[in-house]
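full-length UniProt numbering puts the last residue of the sequence shown at 686; the count rises by one with no breaks. Heads up, the beta-carbon is just placed ideally off N, CA and C, and yes, glycines get one too. Below is one structure, written out as structure tokens; comments come after it.
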Amino acid sequence: MSVSEEKKDPIALKEEGNTLFKAGDIHGAVCCYTKALKLSDSKAESAVLYRNRSACYLKQEEYSKAEADASKALDTDPGDVKARFRRAQAFQKLCRLDQAFLDAQRCAQLEPKNKAFQDLLRQLGAQIQQKSVQLNSTDARVQQMFSLLLDASAKDSDRQKAAQNLVVLSREDAGAEQIFRNDGVKLIQKLLQSKQEDVVLSALRTLVGLCTGHQSRTMAIVNELGMEQLCAVMGSGASTVSLAACHLLQVMFEALTEGMKKEIRGKDEAILPEPSKELRSMLRHLLEMMPASKVSGPGRDSTINLLVKQVPRKSLKNPDNSLTLWVIDQGLKKILEVAGTVPELSEGPPLTDNSHMSCSVLLSKLYDDLRCDTERETFNKLCEEYVQQHFSRQGITGKLRAIQTVSVLLQGPSEAGNRTLEMSGMMDAVISLCASEDVTHQQVAVETLIHAAGKAKRASFITANGVALLKDLYKKSENDRIRVRALVGLCKLGSAGGTDFSMKQFAEGSTLKLAKQCRKWLCNESLPPTSRRWSVEGLAYLTFDADVKEDLVEDKNALLAMFELAKSEDKTVLFAVGSTLVNCTNSYEVEKPDPQMVELAKYAKQHVPEEHPKDAPSYVEKRLMKLLEAGVVSALVCMVKQESPALTEACRDCIARVFLALVERQEDRGTVVAQGGGKGFDPTGI
Numbered sequence: 001m002s003v004s005e006e007k008k009d010p011i012a013l014k015e016e017g018n019t020l021f022k023a024g025d026i027h028g029a030v031c032c033y034t035k036a037l038k039l040s041d042s043k044a045e046s047a048v049l050y051r052n053r054s055a056c057y058l059k060q061e062e063y064s065k066a067e068a069d070a071s072k073a074l075d076t077d078p079g080d081v082k083a084r085f086r087r088a089q090a091f092q093k094l095c096r097l098d099q100a101f102l103d104a105q106r107c108a109q110l111e112p113k114n115k116a117f118q119d120l121l122r123q124l125g126a127q128i129q130q131k132s133v134q135l136n137s138t139d140a141r142v143q144q145m146f147s148l149l150l151d152a153s154a155k156d157s158d159r160q161k162a163a164q165n166l167v168v169l170s171r172e173d174a175g176a177e178q179i180f181r182n183d184g185v186k187l188i189q190k191l192l193q194s195k196q197e198d199v200v201l202s203a204l205r206t207l208v209g210l211c212t213g214h215q216s217r218t219m220a221i222v223n224e225l226g227m228e229q230l231c232a233v234m235g236s237g238a239s240t241v242s243l244a245a246c247h248l249l250q251v252m253f254e255a256l257t258e259g260m261k262k263e264i265r266g267k268d269e270a271i272l273p274e275p276s277k278e279l280r281s282m283l284r285h286l287l288e289m290m291p292a293s294k295v296s297g298p299g300r301d302s303t304i305n306l307l308v309k310q311v312p313r314k315s316l317k318n319p320d321n322s323l324t325l326w327v328i329d330q331g332l333k334k335i336l337e338v339a340g341t342v343p344e345l346s347e348g349p350p351l352t353d354n355s356h357m358s359c360s361v362l363l364s365k366l367y368d369d370l371r372c373d374t375e376r377e378t379f380n381k382l383c384e385e386y387v388q389q390h391f392s393r394q395g396i397t398g399k400l401r402a403i404q405t406v407s408v409l410l411q412g413p414s415e416a417g418n419r420t421l422e423m424s425g426m427m428d429a430v431i432s433l434c435a436s437e438d439v440t441h442q443q444v445a446v447e448t449l450i451h452a453a454g455k456a457k458r459a460s461f462i463t464a465n466g467v468a469l470l471k472d473l474y475k476k477s478e479n480d481r482i483r484v485r486a487l488v489g490l491c492k493l494g495s496a497g498g499t500d501f502s503m504k505q506f507a508e509g510s511t512l513k514l515a516k517q518c519r520k521w522l523c524n525e526s527l528p529p530t531s532r533r534w535s536v537e538g539l540a541y542l543t544f545d546a547d548v549k550e551d552l553v554e555d556k557n558a559l560l561a562m563f564e565l566a567k568s569e570d571k572t573v574l575f576a577v578g579s580t581l582v583n584c585t586n587s588y589e590v591e592k593p594d595p596q597m598v599e600l601a602k603y604a605k606q607h608v609p610e611e612h613p614k615d616a617p618s619y620v621e622k623r624l625m626k627l628l629e630a631g632v633v634s635a636l637v638c639m640v641k642q643e644s645p646a647l648t649e650a651c652r653d654c655i656a657r658v659f660l661a662l663v664e665r666q667e668d669r670g671t672v673v674a675q676g677g678g679k680g681f682d683p684t685g686i
């Protein structure tokens, strides 16, 4: 029997909730109590509703919610024995035994003859005693590990084993607390200075155990160890140590930011100080690491990765972008220094193949967090000033740094990139350097030219002024790095018409020839992965043409080579592979024009986009089958699991689109699951 909700009666909704609870419909009861709470304007009535909903959450094993609702009921009526009993039960399940015991004890005092209260009190007493024994045992083990680690005469193998045991202990609540209370952080500080990589890794992993989900310990550890030491460890040459330190800092950030979100209720919990000081300190140190020459390439990539994750995303729930503005104010020039570094030149910090792409992602995220034209204008001006400062320097080095910065900006916040590209003399310098005899000069200029050919007006300018130059570079250059980049430039210009069959930039058959050459480069295993990656970039543009799609899916060797690159350490290839697969599966968004508008456009002799005949559903279906046969699903799963700034939201969107296209036909779903698709695909988002 359902109550009419038109009456908006919280009492009636409460009664319906009670009926549903007794009938076992816990979800329905929660809905009724929640609706009643929204309508209720009586504190006493709301307290009863919170108490009732707490009982539902206990049944659903949502113990944090059960505790929160019981606490709200007690805020209004501290003598509500039912609410206190439910909170005690929730505390027990949350392993907060001391607080559970206090609540159960109070319940037993109020109703001494209540058997349920007495039983819970006995259970909690036994659990607390057991925990005390466990703590004593854990304390003994911790002390044993400490003794071994501090014993200079102990064997290296024994000390390494002790360090690993400390990691295991730190993952238990009791062990983590004992390590922390027994000055374990000071010991770990000494271990971080060890020359043995295994010992340093164990120290970092122990700190992860201490910090995970614990704000107060994290704040104490940040202050005791100091960010200088943690950043120095992350900036070291060893990639395994750098990744472990990066993971630790990520855990620290999460512990501090989650701590800021938690509501502190009642007098049972300590009021913790605001951790914003520690957060700003951590971010400041990361920004200072960006241009530091002593930081290794992998260490710098880890730094960028952390900044990408920690810059808050503007949203309706989080409209404040003050931290983003602070990062721009404190560190934009430092980020641009990395963006403008040309690895082949003697000046600048060491980079990896992924550093420039990661910088683009970070700059793009910062730009997207800006809220108004004034903030965006400030960002653009800072970028222009930095580029102008280097471009106006005497000698070629400054100009190369300026052009390299523009190239990175074009890949990230393109509006800022286009503004810097339109600065006086910049485009002329790019065209001029393409003809340089120096390979490094050519490479920087050609890459910038490729990224610049994004807008139609610029593509037409480059088609008129740069195509001959790119063709000349491709045919005459003896360096494969230059040839493949020139090829990609031609591919991008040749695809400027997108999926519009009627908009051909080059002569008939030219895109097929370019695609054939890209596939040839892709399958040439003697070439370095960076050169082969550029060939996928070319295919990402050319596969707007359905003829190219058809040729690519028929070339199984090329598909396998592309999938292997997607699984490699070069993360910059992810978006190119994703875009190529979206094009081949036709999983991009296409607006179907209104037939009447099409007729009007034809009458007015306006251009009307045409679909390629080979983009018909029957062709797309066959392409999907070919991709499945080649093992596309395993490549997609590997791409999803990459921990890299290169796995952007746009890249995730590409992967999700391809997955959805692959499972559209029911008969293909078994194949997708058999190839591991269940591990990478989530219908609510990847």
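Given that a residue counts as buried once 16 or more other Cβ atoms are within 10 Å of its Cβ, and exposed if not, what is Val-308?
The residue is buried, with at least 16 neighbouring Cβ atoms inside 10 Å.
If distances are taken between C-alpha atoms only, which option among Glu-337, Ile-328, Phe-117 and Ala-515 comes closest to residue 687?
The chain is shown from 1 up to 686; residue 687 falls before or after that span and cannot be answered.
Output needed for Leu-542: all residues of its chain with C-beta closer than 8 Å, excluding positions within five of it in sequence on either side, in chain order.
Cβ within range, chain order: Cys-491, Gly-494, Ser-495, Thr-511, Leu-514, Ala-515, Cys-518 and Val-548.
Got a sec? Which residues, its chain only, sit under 8 Å from Ser-281 by beta carbon, not counting five neighbours each side?
Val-222 and Met-227.
Does the beta-carbon of Ile-128 have 16 or more other beta-carbons within 10 angstroms, so that it is buried, or is it exposed?
Counting Cβ neighbours within 10 Å, Ile-128 comes out exposed, since fewer than 16 surround it.
Can at least three beta-carbon pairs, one atom from the stretch 361–375 and one from the stretch 396–407, be found at a separation below 8 Å?
They do not touch, by the three-pair rule.
Asn-165: buried (16+ other C-beta within 10 angstroms of its C-beta) or exposed?
So Asn-165 counts as buried.
Enumerate in chain order the residues of its own chain whose CB-to-CB distance from Gln-666 is below 8 Å, with the five nearest sequence positions on each side excluded.
For Gln-666, where only same-chain residues beyond five positions count, there are no Cβ hits under 8 Å.
Considering just the uninterrupted stretch of the alpha helix (DSSP H) at Met-282, what are its terminal residues?
Segment 276–289, the alpha helix (DSSP H) holding Met-282.
Can you tell me which of the three DSSP states Glu-197 falls into?
Glu-197: helix per DSSP, three-state reduction.
Under the rule that 16 or more other beta-carbon atoms within 10 Å means buried, what is Ser-364, buried or exposed?
With 16 or more other Cβ atoms within 10 Å, it is buried.
So, at 7 Å on beta carbons, what are the nonlocal neighbours of Asp-82 in its own chain, with the 5 sequence-adjacent residues on each side left out?
Before going further, note that residue 82 is Lys rather than Asp in the sequence given. Excluding sequence neighbours, Lys-82 sits near Arg-51.
Roughly how many angstroms separate the alpha carbons of Glu-564 and Lys-626, rounded to a whole number?
Whole-angstrom Cα-Cα distance: 17 Å.
Should the stretch 115–129 be regarded as contacting the stretch 144–155, the criterion being three or more beta carbon pairs within less than 8 Å?
Too few Cβ pairs lie closer than 8 Å, so no.
Judging by CA-CA distance, which residue of Val-673, Val-536, Asp-25 and Ala-100 is the nearest neighbour of Thr-572?
Closest option to Thr-572, Cα to Cα, is Val-536.
How would you call Pro-78, buried or exposed, if buried means at least 16 neighbouring beta carbons within 10 angstroms?
Burial call: exposed.
In the structure shown, what three-state DSSP assignment does Val-342 receive?
Coil at Val-342, not helix or strand.
Just to confirm, does Thr-511 get its C-beta within under 6 Å of one of the non-hydrogen atoms of the ligand HEM?
For the ligand HEM, the structure offers nothing, since it holds no ligand at all.
Express the C-alpha separation of Glu-177 and Leu-148 in angstroms, rounding to a whole number.
Their backbone Cα atoms lie some 19 Å apart in a straight line.
On a CA-only basis, which of Val-361, Met-427 and Tyr-386 is nearest Ser-414? Give me that one, please.
Selected option, being the one with the closest Cα: Val-361.
Consult DSSP for His-214 and reduce its assignment to one of helix, strand or coil.
If DSSP states are grouped into helix, strand and coil, His-214 belongs with coil.
Between the Cα of Glu-62 and the Cα atoms of Val-200, His-247, Val-439 and Val-30, which residue gives the shortest distance?
Ranking the options by Cα distance to Glu-62, first place goes to Val-30.
For Ile-482, which residues from the same chain have a beta carbon less than 7 Å from its beta carbon, with the 5 sequence-adjacent residues on both sides left out?
Val-439, Gln-442, Gln-443, Val-446 and Leu-473.
Which residues mark the beginning and the end of the alpha helix (DSSP H) in which Ala-29 is found?
Where Ala-29 is concerned, the enclosing alpha helix (DSSP H) stretches over 26–39.
Could you tell me whether the stretch 382–396 touches the stretch 331–349, using the rule of 3 or more Cβ pairs below 8 Å?
Short answer: they touch.
Can you tell me whether DSSP reads Glu-61 as helix, strand or coil?
Here Glu-61 sits in coil by DSSP.
Which of helix, strand or coil does DSSP assign to Cys-654?
Helix, per DSSP.
Roughly how many whole angstroms lie between the Cα atoms of Thr-303 and Gln-105?
Each residue's Cα considered, the two are about 50 Å apart.
Find out if the Cβ-Cβ distance for the pair residue 740, Thr-420 is shorter than 7 Å.
No statement about residue 740 is possible, as the shown extent of the chain runs from 1 to 686 and does not include it.
Would you decide whether Cys-95 is buried or exposed? Buried here means 16 or more other CB atoms lie within 10 Å of its CB.
Answer is exposed; the Cβ neighbour count stays below 16.
With Ala-90 and Leu-110 assumed to form a contact (beta carbons below 8 Å), what rounded beta-carbon distance in angstroms separates them?
So it is not a contact: roughly 18 Å between Cβ atoms.
Taking DSSP as the reference, what is the three-state secondary structure of His-356?
Residue state, collapsed to three classes: helix.
Taking a contact to mean a Cβ-Cβ separation below 7 Å, would you say Cys-56 touches Phe-85 in this structure?
Contact flag unset, no.
Under DSSP, the alpha helix (DSSP H) around Gln-310 begins and ends at which residues?
Element bounds for Gln-310: 297–310.
By alpha-carbon positions, which one of Leu-527, Ser-526 and Asp-555 ends up nearest to Leu-539?
With distances taken between Cα atoms, Leu-539 lies closest to Asp-555.
Within a Cβ cutoff of 8 Å, which residues of the same chain sit near Cys-211, ignoring the five residues on either side of it in sequence?
Only Arg-217, Thr-218, Ile-221, Leu-248, Val-251, Met-252 and Ala-255 meet the Cβ criterion.
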